[in-house]
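Quick notes on the structure that follows.
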Amino acid sequence: TQLLEQSPQFLSIQEGENLTVYCNSSSVFSSLQWYRQEPGEGPVLLVTVVTGGEVKKLKRLTFQFGDARKDSSLHITAAQPGDTGLYLCAGVGGNKLVFGAGTILRVKS
Amino acid sequence: GAVVSQHPSRVICKSGTSVKIECRSLDFQATTMFWYRQFPKKSLMLMATSNEGSKATYEQGVEKDKFLINHASLTLSTLTVTSAHPEDSSFYICSARRGYNEQFFGPGTRLTVL
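The listed protein sequences derive, respectively, from chains A and B.
In terms of this note's numbering, the first sequence opens at residue 91 and continues consecutively.
In terms of this note's numbering, the second sequence opens at residue 583 and continues consecutively.
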C-alpha cells in the first residue's frame, strides 16, 4: 500500500511569512500533484511534478519533486491571507491518486 | 479547461431515505471516475473507482450495497447512498480522469442526514 505522509497538519502564520509543506513516502510515484481546496469546494490542481529533482514555480509558490520521486515540497513565499486553505499532495500510483493527510494553512493579516 | 459538475451541491434528507448524487464531465469523456468522501478539515478518502460499462471497484471497508455506483455513460457517474443514516453525512466529491493521470474534481456535494 502506497502512503503519503504530509506535514505539518496545521499551520497558522502572519501575512508576509514564508512556509514549507512536505510530503514524504517510502514509495516511488510516477508523478506527484499538489491541490488547494477551499471550504465547501472541490480540490483545484496547482501543479504536477513528473521528473525527479524537478522544480516548478507558480508565482509565490515553489514546488519541488525529490530526486528519487518519493517526496515533494511546497514552499510559499510572503504568504497572503488569500493563500488560506487546505493544501493536499497526491501521488499518482497506478490507476489512483494517493492523497496525503492535508495541511490546513491559515494566513492572518 | 476540463469541467466536472456535481448535482446537487447540497442535500438534506431524512434517515432511511436514499440520495442520488450525479457527477458529469462537461467537456470531455471520462472512462474512469472516482468517488471520494471527505470529513471536515480532513483529506479525501477514496471510496470507489467507477468505470464506464462495468462494475465499480470499491475500496476496502466501503459497503458496495450502501453506496451504489453507476457509470451510465462516458460523461456521467452516479452515487446513490441507500438508506442513509446520520453517520453518512459528509462531503462527497467526484473526479473524472482524462488521459493517463489527469483528474479533475467536481465541486462536491454536502449531504446531511437528519
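Backbone N, C-alpha and C fix where the C-beta goes; we use that ideal spot for every residue, glycine too.
Quantities reported herein were computed from a predicted structural model and do not represent experimental measurements.
Backbone CA spacing between residue i and residue j [nearest angstrom]
i	j	result
residue 147(A)	residue 153(A)	6 Å
residue 163(A)	residue 197(A)	19 Å
residue 598(B)	residue 138(A)	42 Å
residue 188(A)	residue 589(B)	25 Å
residue 673(B)	residue 141(A)	33 Å
residue 183(A)	residue 683(B)	9 Å
residue 614(B)	residue 111(A)	30 Å
residue 653(B)	residue 160(A)	33 Å
residue 644(B)	residue 594(B)	22 Å
residue 95(A)	residue 115(A)	6 Å
residue 696(B)	residue 666(B)	9 Å
residue 584(B)	residue 607(B)	8 Å
residue 628(B)	residue 107(A)	34 Å
residue 195(A)	residue 610(B)	33 Å
residue 121(A)	residue 149(A)	21 Å
Nearest candidate by alpha-carbon position, reference residue i, set the options
i	options	result
residue 591(B)	696(B), 675(B), 615(B) and 622(B)	675(B)
residue 660(B)	610(B), 633(B) and 596(B)	633(B)
residue 109(A)	144(A), 167(A), 117(A) and 186(A)	167(A)
residue 129(A)	589(B), 690(B) and 601(B)	690(B)
residue 669(B)	629(B), 621(B) and 586(B)	621(B)
residue 630(B)	623(B), 624(B), 640(B) and 636(B)	640(B)
residue 158(A)	113(A), 104(A) and 96(A)	113(A)
residue 123(A)	181(A), 107(A) and 117(A)	181(A)
residue 178(A)	687(B), 694(B), 671(B) and 593(B)	687(B)
residue 638(B)	692(B), 617(B) and 694(B)	617(B)
residue 211(A)	625(B), 612(B) and 664(B)	Residue 211(A) cannot be examined here, being either before or after the span of chain A that is shown, 91 to 199.
Within-8 Å CB hit, residue i to chain B
i	result
residue 131(A)	yes
residue 187(A)	yes
residue 214(A)	No statement about residue 214(A) is possible, as the shown extent of chain A runs from 91 to 199 and does not include it.
residue 121(A)	yes
residue 148(A)	no
residue 190(A)	yes
residue 137(A)	no
residue 194(A)	yes
residue 178(A)	yes
Residue i CB to nearest heavy atom of the ligand SAM below 7 Å
i	result
residue 614(B)	Ligands in the displayed structure: none, and consequently the ligand SAM is not present.
Residue interval of the beta strand (DSSP E) (run including residue i)
i	result
residue 127(A)	121 to 127
residue 33(A)	Nothing can be reported for residue 33(A), as the shown portion of chain A is limited to 91 through 199.
residue 674(B)	672 to 680
residue 667(B)	First-last for residue 667(B): undefined, no H or E at that position.
residue 175(A)	175 to 183
residue 201(A)	There is no way to answer for residue 201(A), as the model of chain A reaches only from 91 to 199.
residue 100(A)	100 to 104
residue 654(B)	649 to 655
Residue i at chain A interface by Cβ criterion, 8 Å
i	result
residue 685(B)	yes
residue 651(B)	no
residue 661(B)	no
residue 551(B)	No answer is possible for residue 551(B): the residues shown for chain B start at 583 and end at 696.
residue 688(B)	yes
residue 658(B)	no
Pair within 8 Å by beta-carbon distance, residue i and residue j
i	j	result
residue 193(A)	residue 98(A)	yes
residue 604(B)	residue 650(B)	no
residue 176(A)	residue 127(A)	yes
residue 693(B)	residue 671(B)	yes
residue 586(B)	residue 678(B)	yes
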